[in-house]
Amino acid sequence: AQRVTQPEKLLSVFKGAPVELKCNYSYSGSPELFWYVQYSRQRLQLLLRHISRESIKGFTADLNKGETSFHLKKPFAQEEDSAMYYCALHANTGNQFYFGTGTSLTVIP
Amino acid sequence: GAGVSQSPSNKVTEKGKDVELRCDPISGHTALYWYRQSLGQGLEFLIYFQGNSAPDKSGLPSDRFSAERTGGSVSTLTIQRTQQEDSAVYLCASSSKVRRYTEAFFGQGTRLTVV
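Just so you know, the sequences run in chain order Z and A. Everything in the first sequence is counted per the numbering used here, starting at 132 for the first residue and increasing by one. Everything in the second sequence is counted per the numbering used here, starting at 746 for the first residue and increasing by one.
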């Protein structure tokens, strides 16, 4: 069963415009949700986790249990935000991470 | 080590040959994952190890693919009789269940090219 869905494979926005990367999940328990980012020629790294309720590099993500979503948002996109973004769910039972297929974000100067 | 280490960084092999890819997880991490990332594509789950439990092999694309994790630490992903469609970046990640804030840490990947 697909646990994490990222409906957009590619997303382009202009510099300074708001950006939202969508993520929906399917999990019966209490999920831990994450966003990971992969910049060009760098390894995949954690961007933020819902449990910390943090803002990293201007990005935020709110867990909406009613809509089973964890969309990533930034009010003003920057060129350096261009990267591949992956939404991930950690299942407490079994301790397994499930990753979405990723969204490639391009910020147009 | 300080992070997840994968070797080799790059591997070029001839079609039909076998290859072995190695992953050294972070010391003490009980969970280890292998993923594949094809050109322009996202992450494709291959296999998951958790402690001494039977691995989740549901993502392996064919019986040419296999993986082992010896002593709960180092893992080797083996691809037999490689095909051109096996060309991709193979990523390894590890995570720990102990910490309050769990996180998956990724290696830099092995870029496999089958010619």
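Cβ atoms here follow ideal geometry from the backbone N, Cα and C, with glycine treated the same way.
Verify whether the separation of the beta carbon atoms of residue i and residue j is less than 8 Å.
i	j	result
residue 751 of chain A	residue 852 of chain A	yes
residue 839 of chain A	residue 847 of chain A	no
residue 234 of chain Z	residue 152 of chain Z	yes
residue 780 of chain A	residue 227 of chain Z	no
residue 229 of chain Z	residue 135 of chain Z	yes
residue 137 of chain Z	residue 231 of chain Z	yes
residue 776 of chain A	residue 795 of chain A	yes
residue 217 of chain Z	residue 203 of chain Z	no
residue 850 of chain A	residue 749 of chain A	yes
Taking 6 Å as the limit between beta carbons, can you name the residues of its chain near residue i, skipping five residues before and five after?
i	result
residue 180 of chain Z	165
residue 147 of chain Z	207
Given a threshold of 16 other Cβ atoms within 10 Å of its Cβ, counted over all protein chains shown, does residue i qualify as buried or as exposed?
i	result
residue 757 of chain A	exposed
residue 823 of chain A	exposed
residue 860 of chain A	exposed
residue 787 of chain A	buried
residue 81 of chain Z	Because chain Z spans 132 through 240 in this model, residue 81 of chain Z falls outside it and cannot be assessed.
residue 759 of chain A	exposed
residue 163 of chain Z	buried
residue 826 of chain A	exposed
In chain order, what residues of the same chain lie with their CB nearer than 7 Å to the CB of residue i, ignoring the 5 residues before and after it?
i	result
residue 177 of chain Z	165, 167
residue 185 of chain Z	179
Give me, in chain order, the residues of the same chain whose beta-carbon lies closer than 8 Å to that of residue i; leave out the 5 immediate sequence neighbours on both sides.
i	result
residue 754 of chain A	853, 854, 855, 856
List in chain order: all unbroken beta strand (DSSP E) runs of 3+ residues lying wholly within the segment 804-857 of chain A.
-> DSSP runs (the beta strand (DSSP E)) wholly in the segment 804-857 of chain A: 810-814, 820-824, 833-840, 849-851.
Counting only runs that start and end within the segment 171-197 of chain Z, where is the beta strand (DSSP E) found for 3 or more residues in a row?
-> 176-180
Just checking, does the segment 763-772 of chain A make contact with the segment 801-821 of chain A on the three C-beta pairs under 8 Å criterion?
-> Short answer: they touch.
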